[in-house]
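Colleague: The structure's right below; bear with me while I get my questions together.
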Amino acid sequence: MSVSDQVHPAQDDHVSTLVRIGRFLGDNPVIPLVILLLALVGVLEIMRPGIISPFWFGNTIKFAIPLAMLAACQMLTMLTAGIDLSAAVVATVSAFVVASITPLYGPFAGVVIALGAAVLVGLVNGFGVGVARVHPLIMTLGTGLIATGCLQVYQRFVINTGSEIPAFLEWLGTGRTAGLPNGLFLFVPFAVIILLGLRYTGFGRLLYAIGSNEHATKLSGVRSWQVFMVLYALVGLIAGITGLLYVGMIRAPSLSLANPLLLPSAAAAVIGGTSIFGGRGSYAGAIVGALILTVLGTLLTLLQMPEGARIALFGLIILGVTALYVRLTNAR
Amino acid sequence: ADYTIGVSNTVQGNGWREQMICAMRAQAAVEGDVSGLIVAHRNTDSAGQLEDLNNLIEAGVDAIVLNPSNPEALNSAIDTAIEQGIVVVAVDAGVTAEGAYILSNNQEEYAYLGAKWLFEQVGGSGDIVYMRGIAGVSADTDRDNGFQRALAEFPDINVIHEVFTGWQQDQGKQQMFDFLATGIPFDGVWTSGIDNVIVDAFTESGAPLVPIVGADNAGFVQYLSEVDGLEGAAVTNPGSVGGAGIALAVDILNGEAPDSNLVLVDPVLWENTTDDGRATIAGAQNPNLDPEWPVSVTIPGWTDYSMEQIIACEGPGQ
Amino acid sequence: MAKSFGAVKALTDASLHVGRGQVVALMGANGAGKSTFVKILTGALKPDRGHVLIQGKPARVGSPAQARASGLVPVYQEPSLIPDLDVADNLRLGDTPADDFQHWVAELGIEGLQLTDMIRDLPLATLRILDLARALASKPDVLLLDEMTAALPTDLVERVLRVVRAQADEGRGVIYISHRFTEISELCDSATVLRDGRTVGDLKIEDGVEEKVVELMLGTKLDLGSRDTGASKKARETTPRLEARNLAAAPRLQDVSFDLHPGEVLGVVALEGQGQDELFNVLSGFTKPTGGNLSVDGTEQSFSHPSDAIAAGLTFVPGDRAEALLSQRSVRENIALPFSARMRSWGPLKLRRERERVKLAVDRLQIDTRAQGEVQRLSGGNQQKVTIGRWLATGVETLLLFDPTRGIDVRTKRQIYPLVRELAEQGAAILYYTSELEEVPLACDRALVIFNGRVVDLINAADADEQTLMRAAYGLTEGANAEAVSAQ
Amino acid sequence: MSFAQKHAWTLGLVALLLVLLGITKLIQPSFGASGLESLARAALPFAFATAAMAVVVIVGGIDLSVASIMTVCAVTAAVLMQSMGAIPAVAITLLIGLGMGMVNGGLIVLTRVPDIVVTLAMLFVWEGTALLILNAPGGTVHDWLEDSIAGTVLFWMPKALIVMAIAVALVWIPLKRSKLGLSIYAVGSDELAAFRSGVAVGWTKVAAYGVCGLFCAMGGLSLIMLTGIGEPVPGPYLLASVAAVVLGGVVLGGGIGGLLGPIIAVFILRIIRTILTLAAVDPNVTTIVEGTIMVAVVMLGAFLVMRRNKA
Ligand SMILES: Nc1ncnc2c1ncn2[C@@H]1O[C@H](COP(=O)(O)OP(=O)(O)OP(=O)(O)O)[C@@H](O)[C@H]1O
Ligand SMILES: Nc1ncnc2c1ncn2[C@@H]1O[C@H](COP(=O)(O)OP(=O)(O)OP(=O)(O)O)[C@@H](O)[C@H]1O
Ligand SMILES: [Mg+2]
Ligand SMILES: [Mg+2]
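Chains as they are written, first to last, in this note's numbering: chain A, 77 to 408; chain B, 33 to 350; chain C, 7 to 494; chain D, -7 to 303.
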């Protein structure tokens, strides 16, 4: 220590407050996001006075949860410079399977088969990305198509078996406890596991490491295919669980149930500061990103304007939010 | 005879369209004259449907039954087909090409019927939530025309909120939750077929139910008879029109063309506010059916398959 | 000139003057701000403060293109050619005349270069030469060379020095950055010394200036390295840690055998492209040998992945630090990376152990951790230390060092030699490739000389003066020691 | 490197395409000029979307808004043609496409937000814009424009193919030969090195996105030339173009590849669809087959590259 202390000057401490704030925000990139979120909520309240109520609050959280869970899929894969374009399809598959298996073999079998299918897709993705070295964009796009096709074929066999959503999933999806959605009973532990897992486990470290420089991890003895297999299987599992929650929430096992969440889930991750080039990102940011998108959706639903203007405004606000965020944190 | 029929459809993954395809398969299977059915069924746009139609022409089919994505965009391929002596039947929506047969659900009438019932139900005056489909798509535009026609007849009805569900269950539900959260009172909801999740949104949030208009999807029809306090009406919009299209194509191939090129299948409204209506609904209900499927699985006078056959969803030779 | 990157002040008050026909050495420890200075002078970075005068008139160098137009042409520390374009397109991009370029390439001693060769496929040393040739071809008024020679083998260095000297003699100004004093004294007229971003002195180059420069650079006096080799003699009597027999690997490794004992530092000396890259790749598990075998502690091994080599105790530090670093991650994560490599250690981290070990490595290597949040913000020398620190933290048995002092300042180098010695004395076996021959007697016990993919000589440190090594490296000792080598 | 080595991937794609054409002929012996003609027409919008995507991928970016820009251009042209001749309408549309692309590029450079995020946001902006221009399908197209891509010349050569080749070549060949083209590859390959070599990185990106917009405009025009009407809803061109670009040998991340490979990949993807229809494969299975083939081709490519590097 001693030598370098002499050789290099200590960090400068007469810096302006503004620079200091900028630096603080740069180190805690979630804070500006939360500020942006609160600003959007403020706009909403001004636009429709009285809307901010416990009921609204519960709803917003309820709809943000599945989005935030799928955003976890995107964030985790993006850390390794990947992406999961099959996540939404996997959620849909899992939702449809659980609703169609339950009347035949009961809820337990339904959940097991649904999650099994989800993990299977994940393993195929992991094999493609980690072993066959196919670009994740193509691999997951391909498996997404394949899973969609399989779902289409499957649904023809269960057209008249009826569908039933397990009661506990409905409780989780639609129930409330103390005004808050029961989905939090699933989501809070989930988020804690992801947040802590990324920071305090070897696997979490490796995700960042592989995204930063895969060659360097190889030098250090990491067999990256193992990491990819586990990662994509895990992500498949998360997508599957999201599907279970979502079908309990929407209570309509459609063949495209969760598909519209694909772009928003990727958007939530990148708004939350995850770099699609790998090595950088946090789940806290993705959660706030999901909340921002949900509030934005409400805002636009309630704005009376032509649909075209509504869609365009959605895009402009996303751009504005991220540009501001980049400016504030100087992140890239 | 030994006909091969081609089918083209541009929306996949929605119960209504799946039923349409199954009806086509089932009808083709029961028609003795059909030996092959080639189905092009995927999510695409008009240009993609043109591609599919041209591929079907290349495959040498005798007739094409299509659910057109747009009335005008497909004319080049349809003209080619007709020139080559291929019978073209458009189902669900119309096409403008000369010489094509049209067996269409009357979308404008669909919207008009439901809207009129709703406006009467709320007493001719009040605030309505108008939940449409996908902006810029032909079927949505047709339905809007019907809705506006009904609206013009009821000057005291006010559309307080208009929103596009994208024909997605989750979006419709979320949008209804959002609107309920504003606390703005309203008197009725018109939906473009995303219906049972709207009822759920009311019951889950504890908001008092208002009259709701939906389609004859199995899930909504069930709600009409089961949900306490729900006043509602289902307007029929049978996906089985696809089966009727196959039947029509075979008739034409066999030289039994109808007098007019245009056959409109007019929708019917089932309300749960009258005894008659309740009886119809009870008869139509089918709790085992996929909740997104319309309950009107057959069109009497047109289709010949049984319930089992359409559910098996198998075409000729399968 | 002054320039800050966030909290870090890279330059505070740096000045420099170059006259016509002068070669000015820009000297400074790692992180002193030399590269930053060059980047500012050539428009690649905007200064916070300061100005450039050309022939007494203020000049604007807002972008690399502008600087080039004003006659300031750099060769940066990192290769600046476009990897996915061929040589000709790279020239076209900067409007460099191809004829002049080819003239310089030939002059600098690169043979067989085609204008259609892809940059990506060329070795690092060639790229450095191409960078220089490109700069020369644009007929600069002032040439700025940033550690141009760090990755070059000795033969090429000599040609570069000759060419640069000739440039100065034609009346051009040259700013020359290097950590090698031999080059400085051979080439330069004067030296400007930077310390912590500030110009602390301008000296004429004359005999004995070296000590003064070092003192200015570091702000303290420094002992020159020296050592005794007694301990290692003993070491060689134990069983070898590593036995290589007739190793061969495509394309250039033909037949290499040697023993490496615990407690020994075995140097590897070779000119550019004699098979040393392949040798290290084989030993570190990156490529499978096409022939020969390898035993570790007496058991034969066949590696299919670096993790196999690591499991057998062989750890590899590559010459190009960009290969080894997670540039966006912290110093700590970089050093702790091998802890999580194996699947059974994917669970919760042992944070306390990690903190202790990382601190140990950082202290031992004296890594400057002011910018520790992201390794890419460390200076080059400190980055290099991190790559070594990674293996200090895990504990080393057999260390494969490939040119570990590339681009490192004297002070740091003199930290590294004793460190290497110390590790050996603690029982590690170390294989040490270096491109700087004067390092061999300072760090190694013996040196293996490879030429044309084969071992041509094995020289004891005591006899390893530069001339002997050089002759051997050029394959000029065939016969004399070769039998001794094959008998070993 | 020899020509064959340098273009190995493209040559492989050509071989694959020929094999697939052979298979088509086997399944449907009557497949001939009219089959080629409809194949070329079907490929037209995909080819332009893919060319557009390829240019921005080469510069190191990605444009998620290609389908939306195509839609804006399609409805704009269809509306313009109600009141003016085809040539001014086409010219205005091309300029608008170029402008939209440059807006995308400019926003990326100015805001320093990553490409994928900016163009994701712009996907919505342009989609909304299309709906504001035309809220239901409408507009018109002059007949001669429709005819210009219908039918064949020289017995079997589809007009659509000729139009496509001319349009792409007119933009791409001069571009690729120019300094700007070189800069595009340089920036995609190594942005920092390009900057240090004196390339104006920001402008190069704006220009590349502009070219992308220009190709999108051609794609939009091809849509209305096919359908005769402007539809304000984007078609499935985004993911298809990404897939074709990667299949065509352009590396995501930039610097490597061209336009020929991706356009051949478009034809491969289209002819697979034709084969599946001709063979009367269950439509649900066709989705599975398409996904599998996409993945398999890329896997095979990676495998071959690995083999070659080992050898
Ligand atoms: N991007 C950055 N952000 C913050 N600090 C930085 C950044 N880059 C460099 N620094 C700091 O500036 C100092 C000088 O680094 P620089 O790269 O100039 O060193 P150097 O003189 O090139 O040393 P070396 O010889 O080791 O390369 C270092 O202490 C480093 O921590
Ligand atoms: N882009 C950057 N961002 C932040 N800090 C930087 C950046 N580039 C350089 N620095 C810091 O500026 C300081 C000066 O770096 P510079 O590269 O000029 O050093 P140098 O004298 O060339 O050292 P070396 O001998 O290692 O090459 C270092 O502390 C470095 O960490
Ligand atoms: Mg430097
Ligand atoms: Mg440096």
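Where is the CB? At the ideal position from N, CA and C, for every residue including glycine.
Give me the chain C residues within the contact set of A:His291, using Cβ-Cβ distance strictly less than 7 Å, ordered along the chain.
Modeller: Glu329
Colleague: Taking the alpha-carbon positions, what's the C:Arg204 to C:Ser21 distance?
Modeller: Rounded to whole angstroms, the separation of the alpha carbons of C:Ser21 and C:Arg204 is 8 Å.
Colleague: Give a yes or no on whether 8 Å exceeds the smallest Cβ distance from D:Val225 to chain B.
Modeller: yes
Colleague: Whose Cβ in chain D lies nearer than 7 Å to the Cβ of A:Cys226?
Modeller: Ile280
Colleague: Can you tell me where the alpha helix (DSSP H) with B:Glu11 in it begins and where it stops?
Modeller: Since the displayed chain B opens at 33 and closes at 350, residue 11 of chain B lies outside it and no answer follows.
Colleague: Excluding the 5 residues preceding and the 5 following A:Gly204 in the sequence, name in chain order all residues of the same chain whose CB lies nearer than 6 Å to its CB.
Modeller: Val210, Met215
Colleague: Tell me whether the segment 276 to 293 of chain C and the segment 253 to 262 of chain C touch, counting them as touching only if at least three CB pairs, one residue from each stretch, are closer than 8 Å.
Modeller: Yes, the segment 276 to 293 of chain C is in contact with the segment 253 to 262 of chain C.
Colleague: Rounded to whole angstroms, what is the Cα-Cα separation between B:Val154 and A:Arg252?
Modeller: 31 Å
Colleague: If you draw a straight line from the alpha carbon of C:Met124 to that of A:Gly396, how long is it in whole angstroms?
Modeller: 41 Å
Colleague: When DSSP labels each residue in this structure, what does B:Arg164 get in the three-state scheme?
Modeller: strand
Colleague: For B:Ile166, return the contacting residues in chain D, with the cut-off set at a CB-CB distance below 9 Å.
Modeller: Val225
Colleague: Looking at the secondary structure, which residues open and close the beta strand (DSSP E) in which C:Pro80 lies?
Modeller: 78 to 81
Colleague: Which residues in chain B have a C-beta closer than 9 Å to the C-beta of D:Phe40? List them in chain order.
Modeller: Simply none; closest approach about 11 Å.
Colleague: Using the three-state DSSP reduction, which class does D:Trp136 fall into: helix, strand or coil?
Modeller: helix
Colleague: Can a CB atom of chain C be found closer than 8 Å to the CB of A:Thr318?
Modeller: No - not a single Cβ of chain C is within 8 Å of the one on A:Thr318.
Colleague: Going by beta-carbon coordinates alone, are B:Asp248 and B:Ala316 separated by less than 8 Å?
Modeller: yes
Colleague: Could you tell me whether the Cβ of D:Tyr229 comes closer than 8 Å to any Cβ of chain C?
Modeller: For D:Tyr229, the nearest beta carbon of chain C is not closer than 8 Å to its own beta carbon.
Colleague: Can you tell me which of the three DSSP states C:His109 falls into?
Modeller: helix
Colleague: Mind listing which residues of the segment 262 to 279 of chain D have their C-beta closer than 8 Å to chain B's C-betas, in chain order?
Modeller: Arg262, Arg265, Thr266, Thr269, Leu270, Ala272, Asp274, Pro275, Asn276, Thr278, Thr279
Colleague: Just verifying my parser: in three-state terms, what is the DSSP assignment at B:Ala265?
Modeller: Of the three classes helix, strand and coil, the one that applies to B:Ala265 here is strand, per DSSP.
Colleague: Name the chain D residues whose beta carbon is nearer than 9 Å to that of C:Gly100?
Modeller: Within chain D, the residues near C:Gly100 are Ser189, Gly190, Val191.
Colleague: Compute the Euclidean distance between the alpha carbons of C:Lys9 and C:Ala16, then round it to the nearest angstrom.
Modeller: 6 Å
Colleague: In the DSSP assignment, the alpha helix (DSSP H) including C:Ile46 goes from what residue to what residue?
Modeller: That run of the alpha helix (DSSP H) goes 40 to 47.
Colleague: Go through its chain and collect everything with a Cβ distance to D:Glu138's Cβ below 7 Å, but skip five positions before and after it.
Modeller: Met217, Gly220
Colleague: Classify C:Pro64: buried if its beta carbon has 16 or more other beta carbons within 10 angstroms, exposed otherwise.
Modeller: exposed
Colleague: Against chain C, with Cβ distances strictly below 8 Å, would A:Arg403 count as a contact?
Modeller: no
Colleague: For the alpha helix (DSSP H) containing C:Met223, name the first residue and the last one.
Modeller: 215 to 224
Colleague: Tell me which residues share the same chain as C:Phe107 and place their Cβ nearer than 7 Å to its Cβ, disregarding the 5 neighbours each side in the sequence.
Modeller: Leu97, Ala139, Arg140, Ala143
Colleague: Suppose you measure from the CA of B:Asn356 to the CA of C:Thr293; what does that come to, to the nearest Å?
Modeller: In the structure as shown, chain B begins at 33 and stops at 350. Residue 356 of chain B is therefore absent and cannot be evaluated.
Colleague: Any C-beta of chain A within less than 7 Å: which residues of the segment 57 to 75 of chain B qualify?
Modeller: none
Colleague: When the distance is taken between beta carbons, is B:Val297 closer than 8 Å to B:Ile342?
Modeller: no
Colleague: Taking Cβ-Cβ distances shorter than 7 Å, what residues in chain B pair up with A:Ile241?
Modeller: Going along chain B, no residue has its Cβ under 7 Å from A:Ile241, so there is no contact; the nearest lies around 10 Å.
Colleague: Compile a chain-ordered list of the residues in the segment 315 to 343 of chain C whose CB is closer than 9 Å to at least one CB of chain A.
Modeller: Ala315, Ile316, Ala317, Thr321, Phe322, Val323, Pro324, Ala328, Glu329, Ala330, Leu331, Leu332, Ser333, Gln334, Arg335, Glu339, Asn340, Ala342, Leu343
Colleague: Is D:Arg262 near D:Phe23, with beta carbons less than 8 Å apart?
Modeller: no
Colleague: Where in the segment -7 to 27 of chain D do unbroken runs of the alpha helix (DSSP H), each at least 4 residues long, occur, reported from the N-terminal end onward?
Modeller: -5 to -2, 0 to 19
Colleague: Reducing DSSP to helix, strand and coil, say where C:Ile181 ends up.
Modeller: strand
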